[in-house]
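**Q**
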Amino acid sequence: MSSAEPIRVLFVCLGNICRSPTAEAVMRALCAQHGVHERFFIDSAGTGAWHAGEPPDRRSAAVGARRGMPLGGRARQVTKDDFIRFDYLLAMDRANRDELLALAPSAEARNKVALLRSFDSQSPPQAEVPDPYYGGSEGFDHVFDICVAACEGLLRTLTEPPEPPRAR
Ligand code: 4NP
């Protein structure tokens, strides 16, 4: 067990019922699998408030349950406080990212904002997690696979040991 402060990660989408709770569940499960769950504090939120208080969308929840990474929590809207409470605010798409950048109260806060898929070295620049809400069930499986690839990259990045000093 580490006594250091946890790394605080907030996943952000539009409604906080499909993509960001999926990313949250995937990241939690990967951290547990790697035995590093105590080093992380993980949450999710939406840029919109329409679904605040609701559980995850049943289609997202079904995929997570089937894949052994169960979704939990209740939807909430992102707040200015989140820029203080979290080290990373990871957006699912560019619209979410731009909303976060507009809400960020300082340059330091803006530096905490990134696209989740920027941590997946196999994805193209500016890649998004597509919104599955109005589509079919295959979209929810696709979102899950994207979140696994991106969260594996995120976990690798955040747990990498620091570079050793260069030999002269
Ligand atoms: P999410 O998906 O942003 O991944 O949670 C959506 C959920 C709800 C709506 C749109 C996207 N909506 O329009 O209500």
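If you're matching positions, the sequence shown starts at 3 in our numbering and goes up one per residue. Think of the CB as a built atom: it goes at the ideal place given N, C-alpha and C, for glycine as much as any other residue.
Beta carbon of V28, beta carbon of C153: below 7 Å?
**A** Against the sequence shown, residue 28 aligns to sequence position 26. Against the sequence shown, residue 153 aligns to sequence position 151. Yes.
**Q** Can you give the beta carbon distance from G75 to P23, rounded, assuming they're within the 8 Å contact cut?
**A** For this step, residue 75 is matched to residue 73 along the sequence shown. For this step, residue 23 is matched to residue 21 along the sequence shown. At roughly 6 Å, the Cβ-Cβ gap stays under 8 Å, so G75 and P23 are in contact.
**Q** Expressed to the nearest angstrom, what Euclidean distance is found between the alpha-carbon atoms of C15 and A47?
**A** Here the question's residue 15 lines up with position 13 in the sequence shown. Here the question's residue 47 lines up with position 45 in the sequence shown. Using only the alpha carbons, I get a separation of about 7 Å.
**Q** Check each residue's C-beta against every heavy atom of ligand 1 and list, in chain order, those closer than 7 Å.
**A** C15, L16, G17, N18, I19, C20, R21, S22, G48, W52, H53, D59, M94, D133, P134 and Y135
**Q** Once you ignore the five residues that flank L73 on each side, which residues in its own chain have a CB closer than 7 Å to its CB?
**A** On the sequence shown, position 71 is the one that residue 73 refers to. The answer, listed in chain order, is P23, T24, A27, P58, S62, A63 and G66.
**Q** Taking the CB atoms as reference points, tell me whether R158 and F88 lie closer together than 7 Å.
**A** The residue given as residue 158 occupies position 156 in the sequence shown. The residue given as residue 88 occupies position 86 in the sequence shown. Result no, Cβ atoms of R158 and F88 do not sit closer than 7 Å.
**Q** Which one of D84, V38 and Q128 has the shortest CA to CA distance from E110?
**A** Taking the sequence shown and counting its residues from 1, one reaches residue 110 at position 108. The residue with the shortest Cα to Cα distance from E110 is D84.
**Q** Please look up how many angstroms separate the CB atoms of R112 and E130, rounded, as I've assumed it's under 8 Å.
**A** Along the sequence shown, read from residue 1 onward, the residue named residue 112 stands at position 110. Along the sequence shown, read from residue 1 onward, the residue named residue 130 stands at position 128. Incorrect: roughly 19 Å between the Cβ atoms, too far for contact.
**Q** My output table needs one value for C20: the three-state DSSP class, helix, strand or coil.
**A** Taking the sequence shown and counting its residues from 1, the one referred to as residue 20 is at position 18. The answer is coil: DSSP assigns C20 none of H, G, I, E or B.
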